[in-house]
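Enquirer:
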Amino acid sequence: MKILLAEDDFASRKFMDKQLSRYGECDVMVDGEEAVDAFMMALEDGEPYDLACLDVMMPVMDGYQVLKAIRDIEAQKGIPKSKRVKVIMTTALNDERNVKMAFELGCEAYAGKPIDVEKFEKVLKKLGLI
Amino acid sequence: MAEEFNTDSMLDMFLYESGQLLEKLEGIILEKQDADCFDDSDINEIFRVMHTIKGSSGVLMYENITKVTHKLEDVFYYLRESHPDDVPHMELVEKVLAVSDFVTGELDKLKSGETPDGDEKQLVEDLDEFLSRLKGEIKKQGIEMPQANRHVEPTQFYITPVAGDDSHFYRISIHYRSDTQMSNLRAYSATYALKEVAEDLLYTPDDILSNEASADVIVAEGFHMLLQTKSSKEEVIALIDSSEAEEINFDELTKEEYGNALGEFGREDAMPATQPVEAAKSDDKDTKKEGPKPGDYVVKTKEAGKGKTLAKNQPKQQSIISVNVEKMDALMDLIGELVIAEAVVLQNPDLKVPGLELSNFQKASGQLAKITTELQEVIMSMRMMPLTNVFQKMRRIVFDVSRKLGKDIELEVVGENTEVDKNIIEHITDPLMHLVRNSVDHGIEENAEDRTAVGKPAKGKITLEAKNEGGKVYISVKDDGKGLNKDKLYQKALEKGVIENKPMSEFSDKEIFRFITLPGFSTKEEVTEYSGRGVGMDVVVKNIQSISGRLDISSVEFEGSEMTLVIPLTLAIINGIVVQVGNSPFVIETASIKEFVRVGEDDLIQEPSGEEYIVLRGECYPFIRLNEKYDLPDSVNKIEDGIIVVLEHEGSQVCVLIDKLLQEQEIVVKPIPPYVRKVKGLSGCTQLGDGSIALILDIAGLLMHDGERR
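In order, the protein sequence lines correspond to chains A and B.
Just so we're aligned: 25 in the working numbering is position 25 of the first sequence, and the numbers increase by one with no gaps anywhere.
Just so we're aligned: 643 in the working numbering is position 513 of the second sequence, and the numbers increase by one with no gaps anywhere.
Given below as structure tokens:
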């Protein structure tokens, strides 16, 4: 599986990279704009990502903006819902309103930091990724 | 204790909602336990409760809760769809209570920070068995089986963060031996090692890699870290390279202490463990508050080694909302219109009919005037922003420029919390930057020896001060440098031909200082990267004038100079005096009026060239007849019949002749529409109470025009 990881904090990035690499090839981005660029590039190359893990507090664009951008691009390209990239937000900002907003923006899962690895894996199963 | 663990507001919300629903459920059950059966609305309600809990527990992935509630939902689905008779009511009540107890038990576990690990199997089997009996009953009664209850698996999940109770919090201080080389790199390797195990790590000084000077700080004051980790004390100590370290202090903190310590370390986005709690609390206070939006959490690119901060500074007090500036401007405009409309009503010509009984109207209008004034004040205060950010930029400029020029300069900032209108902040940033640069570059002496020679401390000092006084903001840039040399300025002005060989004694100090604001005027022999090209001061003055401000310069040679920007607090509404010339009303800003006088023909001096002057108490002022200037017929021409208004702007005075004074009024400044050619001496227009348009006199423009004429 192809994974996009956007995370600007070094420690979290390292941790997530380690976790995610178990499931597949993991591309690591350090800010929101790069994440959207990478997503776009993969899409154009015909090898879209299966999973995107987005941090919220990032430079240039925050995770919510990235999520919105990704969903907008997919809508514009007419990608069916079932084929959309699965998005998991990974952030310590787990205020209920933030989570609701992210769900409305169309993420599949919202993982509060520090991340519960077991549950994270469970979600990947539920999402049919592993 | 319970609340302390539930730092996650999603979880809080789930617990709260589910708790409420279960209470409601038990209410229904206990009320109906002695009845023969549940009625339709009860069945619907129970179905809905189960459905909701199933849904949210699914999102949060508490699977046992989901399964149990799912089964009971099924049961009630069949009851709802098929309405079978002879449902064993007592048994059903027991089942519902069993489910309710199970869920409550799991919720309690969650509340105390445990994992909801209750075994749901038995309960689910019981429910299955009950359900199949129910189905059999439905068949026996010959009722058509409803389609199976379709379950939509949740498609969105929320992963609760790992409960923080197995994390440890440490404060670690390392003191290196005083002869340690490159202690900053040692400190870095310690942080690097800890990043392996850290859930959160903060250290001070925080610029260890980018700032070599931090090595000295580390040696002198020690290197301090805050660490959140799952590792034990021993494991952490093993990770830290203790060679060269004289002393390592290791304190385990409680979560609360850690949260407080984060503040000491200067982290703004307080740790996740404490933030949501605060958020949840403030939620209760004002639930209507605007929710977060995408883009609220963009992080400023990190400065080397610094912790990250949000570009759009996440307000520390949650009760602040951000409003689009355009909306504020629109509101401001509307209030402006309201002020005009108020004047139109209160000064309506219809009210001037003789014999009208107006005492009630006057009372009501007084009230209205009071409210509109308050409304203005509120919107003004909403648009006010402290100068902190602008001053922060200046600090940076002083730092950069003084370093580059090799000058040792200290910046003192006074009154950075002074608030001014946001529009004004935008307009003064560049001019202020220019003034500060000038002070660093030209003001402070080139060499420290030049300073000590005249008895000043070697270190230069620039003071940036802001204060609010009488509806104006004063922002001054003061340096203790060499000051302005009047002779040099005068000579330069002569060379440039801006003063036509008038002797120096004809100019006041202020006028001479003001030469530096003329275009192309620089007394500095060489041009530097920062200033000296003589473009700039004139732009500064222009910018300041565009927001009706002025620049005051005072200086004492060898002691220093002070540049003061004087700016009105707000732009849109001014207090003005309405005067009349001929049939046209004009508005003059109250603050620029020095006095009103009546003078006789003998105080008027007419020069052969047509210029006129008025002598007041021995002083001579240029004199402008507005009626002639703007070709207004039917106006007073004899000076005794009119009124002379003495106007002042930036220390220069001018007298104008008007017919009569009408009133004082709050004036909403509107720009002159672009289809009217730019008229010198007018800065805008406004609508008066009777609906007519009045032009606003621009004193600076009048003076300039007058100067050109001469």
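Every residue, glycine too, gets a C-beta built ideally from N, C-alpha and C.
Looking at chain B, is there any beta carbon in it that lies within less than 8 Å of the beta carbon of residue 62 of chain A?
Expert: Counted from its first residue, the first sequence places residue 62 of chain A at position 62. Interface residue, yes.
Enquirer: Name, going along the chain, the residues of the segment 184-198 of chain B whose beta-carbon falls closer than 8 Å to a beta-carbon of chain A.
Expert: Residues 191.
Enquirer: State yes or no: is the C-beta of residue 579 of chain B within less than 8 Å of the C-beta of residue 611 of chain B?
Expert: Within the second sequence, the letter at position 449 stands for residue 579 of chain B. Within the second sequence, the letter at position 481 stands for residue 611 of chain B. For residue 579 of chain B and residue 611 of chain B, no; Cβs fall outside 8 Å.
Enquirer: Residue 268 of chain B to residue 258 of chain B, Cα distance in whole Å?
Expert: Taking the second sequence and counting its residues from 1, one reaches residue 268 of chain B at position 138. Taking the second sequence and counting its residues from 1, one reaches residue 258 of chain B at position 128. Roughly 15 Å between the two C-alpha positions.
Enquirer: Suppose you measure from the CA of residue 410 of chain B to the CA of residue 535 of chain B; what does that come to, to the nearest Å?
Expert: Mapped onto the second sequence, residue 410 of chain B falls at position 280. Mapped onto the second sequence, residue 535 of chain B falls at position 405. Residue placement at residue 410 of chain B is poorly supported in this model, since its pLDDT is 38, which falls under 50; the coordinates still yield a value, given next. Rounded to whole angstroms, residue 410 of chain B to residue 535 of chain B spans 52 Å at the Cα level.
Enquirer: List the endpoints of the continuous beta strand (DSSP E) containing residue 598 of chain B.
Expert: Taking the first residue of the second sequence as 1, we reach residue 598 of chain B at position 468. Counting along the chain, the beta strand (DSSP E) containing residue 598 of chain B begins and ends at 590-599.
Enquirer: Only counting the same chain, and skipping five residues up and downstream in sequence, which positions put a Cβ closer than 6 Å to that of residue 827 of chain B?
Expert: In the second sequence, residue 827 of chain B corresponds to position 697, counting from 1. 716 and 718.
Enquirer: Starting from residue 148 of chain B, find everything on chain C with Cβ-Cβ shorter than 8 Å and list it in chain order.
Expert: Checking the listed chains, one finds no chain C in this structure; the protein chains it contains are A and B.
Enquirer: Which residues in the same chain have their Cβ closer than 6 Å to the Cβ of residue 598 of chain B, if we skip the five residues on either side of it in sequence?
Expert: Locating residue 598 of chain B in the second sequence gives position 468, where the first residue counts as 1. Excluding residues within five positions, the ones whose Cβ falls inside 6 Å are 548.
Enquirer: Run through DSSP, which three-state label would residue 586 of chain B get?
Expert: On the second sequence, residue 586 of chain B is found 456 positions in, with the first residue counted as 1. The answer is coil: DSSP assigns residue 586 of chain B none of H, G, I, E or B.
Enquirer: Counting only beta-carbon atoms, is residue 290 of chain B nearer than 8 Å to chain A?
Expert: As a working note, residue 290 of chain B is residue 160 in the second sequence. Chain A contact via Cβ: present.
Enquirer: So what's residue 631 of chain B in DSSP terms, helix, strand or just coil?
Expert: Looking up residue 631 of chain B in the second sequence gives position 501. Here residue 631 of chain B sits in coil by DSSP.
Enquirer: Does residue 427 of chain B have its Cβ less than 8 Å from a Cβ in chain A?
Expert: Taking the second sequence and counting its residues from 1, one reaches residue 427 of chain B at position 297. By this cut-off, residue 427 of chain B is an interface position.
Enquirer: In chain B, which residues lie less than 8 Å from residue 105 of chain A when you measure between Cβ atoms?
Expert: Within the first sequence, the letter at position 105 stands for residue 105 of chain A. Those within 8 Å of residue 105 of chain A in chain B are 424.
Enquirer: What's the gap between the Cα of residue 476 of chain B and the Cα of residue 820 of chain B?
Expert: For the purposes of this step, residue 476 of chain B is taken as residue 346 along the second sequence, with counting starting at 1. For the purposes of this step, residue 820 of chain B is taken as residue 690 along the second sequence, with counting starting at 1. Residue 476 of chain B and residue 820 of chain B: Cα-Cα distance of roughly 9 Å.
Enquirer: Does the Cβ-Cβ distance between residue 646 of chain B and residue 619 of chain B come in under 8 Å?
Expert: For this step, residue 646 of chain B is matched to residue 516 along the second sequence. For this step, residue 619 of chain B is matched to residue 489 along the second sequence. Cβ atoms of residue 646 of chain B and residue 619 of chain B: closer than 8 Å.
Enquirer: Provide the residue(s) that pair with residue 428 of chain B in DSSP beta bridges, ordered along the chain.
Expert: The count along the second sequence starts at 1 and reaches residue 428 of chain B at position 298. A:58.
Enquirer: If you reduce the DSSP assignment to three classes, tell me which class residue 723 of chain B lands in.
Expert: Numbered from 1 along the second sequence, position 593 holds the residue referred to as residue 723 of chain B. Three-state result, residue 723 of chain B: strand.
Enquirer: For chain A, is any of its Cβ atoms less than 8 Å away from the one on residue 139 of chain B?
Expert: Counting from one through the second sequence, the residue named residue 139 of chain B turns up at place 9. Closer than 8 Å to some Cβ of chain A, the Cβ of residue 139 of chain B qualifies, so yes.
Enquirer: Would you call residue 673 of chain B buried or exposed, if buried means 16 or more other Cβ atoms sit within 10 Å of its Cβ?
Expert: Here the question's residue 673 of chain B lines up with position 543 in the second sequence. Under this definition residue 673 of chain B is a buried residue.
Enquirer: Return helix, strand or coil for residue 757 of chain B, following the three-state DSSP convention.
Expert: Within the second sequence, residue 757 of chain B is the residue found at index 627, counting from 1. In the structure shown, residue 757 of chain B sits in a helix (DSSP, three-state: H, G or I).
Enquirer: When the Cβ atoms of the segment 271-279 of chain B are set against those of the segment 95-106 of chain A, are three or more pairs found closer than 8 Å?
Expert: Result no; under three Cβ-Cβ pairs closer than 8 Å.
Enquirer: Got a sec: is the Cβ-Cβ distance from residue 76 of chain A to anything in chain B below 8 Å?
Expert: By one-based count along the first sequence, residue 76 of chain A stands at place 76. By this cut-off, residue 76 of chain A is not an interface position.
Enquirer: Find the nearest neighbour of residue 639 of chain B within the set B:617, B:626 and B:648, judged by alpha-carbon distance.
Expert: To locate residue 639 of chain B, count along the second sequence from 1; it is residue 509. The residue with the shortest Cα to Cα distance from residue 639 of chain B is B:617.
Enquirer: Is there a C-beta anywhere in chain B that falls below 8 Å from the one on residue 80 of chain A?
Expert: In the first sequence, residue 80 of chain A corresponds to position 80, counting from 1. False, the Cβ-Cβ gap to chain B never drops below 8 Å.
Enquirer: Whose C-beta lies closer than 8 Å to the C-beta of residue 469 of chain B among residues of the same chain, with five residues either side of it excluded?
Expert: For the purposes of this step, residue 469 of chain B is taken as residue 339 along the second sequence, with counting starting at 1. 502, 506, 703, 796 and 798.
Enquirer: Among A:41, A:44 and A:49, whose alpha-carbon lies nearest the alpha-carbon of residue 5 of chain A?
Expert: Here residue 5 of chain A corresponds to residue number 5 of the first sequence, with the count starting at 1. The option with the nearest alpha carbon to residue 5 of chain A is A:49.
Enquirer: What separation, rounded to the nearest whole angstrom, lies between the Cα atoms of residue 423 of chain B and residue 544 of chain B?
Expert: What you label residue 423 of chain B is simply residue 293 of the second sequence in a count that begins at 1. What you label residue 544 of chain B is simply residue 414 of the second sequence in a count that begins at 1. The alpha-carbon atoms of residue 423 of chain B and residue 544 of chain B are separated by roughly 36 Å.
Enquirer: Using a cut-off of 8 Å between C-beta atoms, extract the partners of residue 134 of chain A located in chain B.
Expert: Only positions 1 to 130 of chain A appear in the structure, and residue 134 of chain A is not among them; the question remains open.
Enquirer: Within this structure, are the beta carbons of residue 690 of chain B and residue 763 of chain B separated by less than 8 Å?
Expert: Here residue 690 of chain B refers to the residue found at position 560 of the second sequence. Here residue 763 of chain B refers to the residue found at position 633 of the second sequence. It is not a contact, given that the beta carbons lie outside the stated cut-off.
Enquirer: Please confirm whether residue 143 of chain B has its beta-carbon closer than 8 Å to some beta-carbon of chain A.
Expert: Here the question's residue 143 of chain B lines up with position 13 in the second sequence. With 8 Å as the cut-off, residue 143 of chain B counts as an interface residue toward chain A.
Enquirer: Looking at the unbroken alpha helix (DSSP H) that takes in residue 94 of chain B, where does it start and where does it end?
Expert: The question about residue 94 of chain B has no answer, for chain B in this structure spans 131 to 840.
Enquirer: If you count every other CB in all the chains shown that lies within 10 Å of the CB of residue 811 of chain B, and 16 or more means buried, which is it?
Expert: Taking the second sequence and counting its residues from 1, the one referred to as residue 811 of chain B is at position 681. With 16 or more other Cβ atoms within 10 Å, it is buried.
Enquirer: Compare the C-beta of residue 59 of chain A with all C-beta atoms of chain B and state if any pair is closer than 8 Å.
Expert: Locating residue 59 of chain A in the first sequence gives position 59, where the first residue counts as 1. Judged by the 8 Å Cβ criterion, residue 59 of chain A is in contact with chain B.
Enquirer: From the DSSP output, in three-state form, read off residue 763 of chain B for me.
Expert: Sequence index remark: in the second sequence, residue 763 of chain B carries index 633 (1-based). DSSP places residue 763 of chain B in coil when its eight states are reduced to three.
Enquirer: Is residue 824 of chain B helix, strand or coil by DSSP?
Expert: For the purposes of this step, residue 824 of chain B is taken as residue 694 along the second sequence, with counting starting at 1. Three-state result, residue 824 of chain B: strand.
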